[in-house]
Amino acid sequence: MSWHDVALAPDVVAAPSPRETARFGVTVDRISVSAASAAKLTDVLEAVRSSTADVVILRYPADRMRWFAALTELDRTAIVADNLVGWKLATGKGRRPPPLPRGLELVDFVGAAELDAMVADAFRDYGNHYLADPLFDPALALAGYQEWAGREIESGVVALRDVGGRGEPVMLGFLTYGEAGGVAEFALGGVVPGAQGTGLYAHLLAGMEDRAASRGIGSVVCTTQSRNTRVQRRWADYGFKPVLSVFTVHLLRRGLLGEGAEARGGGP
């Protein structure tokens, strides 16, 4: 889901998710309530009841804490999947890193195979809301990140590569980004394991900020799971501020878990 859906949309946003349906083999709908929305619990319950999907992935502001109790009364199994947090930076206010080491450079392109490899390396052990749901295969979730990154680079990407070696240049990290609602949002990003902890991630943030500034965009935003404290420390160091907290709940069609367990030989 985009920053618009979780931060700016005035109404409940509800739509089928054909990509997740095709990936996981169960029908999936997405419903979200943004932090700016005045939507009420009754609006959300109506949207969920209107869904015929096997799984409804619902996101809503974390300050509406009483909502979950009502969700458990629906004819669905409710699973707390994660807490999404959003951060924001005013363009031009980032704490810039020192110049890149010699032999490294930022570029605005990356090949599909290179991107797939970086996503697999950077996100292999990444916790996400799919892992809370027994219906979703973790390996397919990783493949979903690769597919997502492949779509995002059509909007924009800043990548870091090492050109100082004797062989072919080596890609070390990337950020994919797009523009919506007057902000630049980077959706996926990371540094490959062998280059982590070396300060290179800050250069990707600086590259993203520069590209937003060149387009006259006033803010850069990003989201991640609350458990991902490592990247949030990097964002805070760079100058981002936390501005958003969103719950993610999976609502499964009643009986689906039991039927799935029998199909896998996991039940009596």
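Our numbering puts the first residue of the sequence shown at 58, with every later residue one more than the last. No residue lacks a Cβ here, since even glycine has one placed at the ideal position from N, Cα and C. Note that the structure is a prediction, hence the values are computed from the model and not measured.
Extent of the continuous beta strand (DSSP E) to which residue i belongs
i: V69; result: That residue, V69, is in no beta strand (DSSP E); it is neither H nor E in DSSP.
i: A93; result: Segment: none, A93 is in no beta strand (DSSP E) and carries neither H nor E.
i: D178; result: It is not in any beta strand (DSSP E) - D178 instead sits in the alpha helix (DSSP H) that spans 169 to 180.
i: G143; result: 133 to 147
i: I114; result: 112 to 118
i: S302; result: 298 to 310
i: G230; result: 227 to 237
i: G19; result: Here the chain has residues from 58 to 325 only, and residue 19 is not among them.
i: D219; result: 214 to 219
i: L161; result: 161 to 164
Sequence-distant residues of its chain with Cβ nearer than 7 Å to residue i (five each side left out)
i: D165; result: V214, V215
i: V249; result: M175, D178, A179, L229, G230
i: R321; result: Caution is warranted here: a pLDDT of 36 is assigned to R321, below 50, making its placement in the model unreliable, and the coordinate value is therefore given only provisionally. Cβ neighbours of R321 beyond the five flanking positions: none.
i: G154; result: Note that residue 154 is Pro in the sequence shown, not Gly. G256, A259, H260, A263, listed in sequence order.
i: D219; result: G160, L161, P226, V227, L229
i: L199; result: A177, F180, R181
First through last residue of the alpha helix (DSSP H) which encompasses residue i
i: T99; result: 98 to 107
i: F125; result: 124 to 128
i: G315; result: 313 to 320
C-alpha distance - residue i paired with residue j, whole-angstrom precision
i: A244; j: T280; result: 7 Å
i: A196; j: V83; result: 16 Å
i: G238; j: V137; result: 29 Å
i: S91; j: P118; result: 7 Å
i: L115; j: D173; result: 28 Å
i: L163; j: D267; result: 11 Å
i: L157; j: R123; result: 48 Å
i: P299; j: A206; result: 24 Å
i: V303; j: V167; result: 32 Å
i: G201; j: R152; result: 32 Å
i: A79; j: L146; result: 35 Å
i: R272; j: S94; result: 28 Å
i: V240; j: V306; result: 26 Å
i: W144; j: S276; result: 10 Å
i: D190; j: E236; result: 31 Å
i: S74; j: G251; result: 35 Å
i: A169; j: K150; result: 32 Å
i: L128; j: T99; result: 11 Å
i: P67; j: R291; result: 31 Å
i: A71; j: R208; result: 21 Å
Contacts around residue i, its chain only, beta-carbon distance under 8 Å, and the 5 residues preceding and following it disregarded
i: R133; result: V105, V113, L308, L309, R310, R311
i: R159; result: G221
i: V63; result: S89, S91, A92, R116, L141, G143, T280, L301, V303
i: R76; result: G201, E204
i: L131; result: L102, V105, R106, L308
Same chain, Cβ closer than 6 Å to residue i, five either side skipped, listed in chain order
i: T286; result: none
i: D139; result: H186, Q282, T305
i: D86; result: P73, S108, A110, V113
i: H61; result: A237, G238
i: G296; result: L146, K150, G151, R152
Extract the residue ranges of the beta strand (DSSP E) inside the region 253 to 288, only unbroken runs of 3 or more that lie entirely within it.
276 to 282
Three or more C-beta pairs closer than 8 Å, one from the region 182 to 192 and one from the region 258 to 267: is that the case here?
no
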